[in-house]
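Encoded as structure tokens, the structure appears first; notes follow it.
Residue numbers (UniProt numbering): 1 to 101.
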């Protein structure tokens, strides 16, 4: 996306925001991946080192939202002609996490 103008980047970002909202509408009562496996995003381990707090957490209400957890321009495939997102890749850290993730 570096090669796109600022105006074109803004168009793509609007679609990215829409995809994020769609993902955050998926909710769960427990943290971790859809299978239950907890594979925390790297930035989360800065605050909570591995092995200290990464057991699956549960809640009586669906407080956890689905997050990609590695959403950067290198993981978003954009058609430069249409500015439409063709794909989002690199989902290994995706899962249900607190909304601030």
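Beta carbons: idealized from backbone N, C-alpha and C, even for Gly.
None of these values were measured; they are calculated from a predicted model.
Short Cβ contact (8 Å threshold) for residue i with residue j
| i | j | result |
| --- | --- | --- |
| residue 147 | residue 16 | For residue 147 there is no data in the structure shown, the boundaries of the chain being 1 and 101. |
| residue 32 | residue 93 | no |
| residue 1 | residue 85 | no |
8 Å contact criterion, which residue i and residue j should meet: CB distance rounded
| i | j | result |
| --- | --- | --- |
| residue 27 | residue 57 | Contact doesn't hold; Cβ gap of about 14 Å is too wide. |
| residue 99 | residue 78 | Actually they are not in contact, since the Cβ atoms of residue 99 and residue 78 sit about 26 Å apart, beyond 8 Å. |
| residue 88 | residue 6 | The pair is not a contact, with the Cβ atoms about 22 Å apart (cut-off 8 Å). |
| residue 67 | residue 23 | 7 Å |
Under the three-state DSSP convention, the category residue i falls into
| i | result |
| --- | --- |
| residue 89 | coil |
| residue 28 | strand |
| residue 58 | strand |
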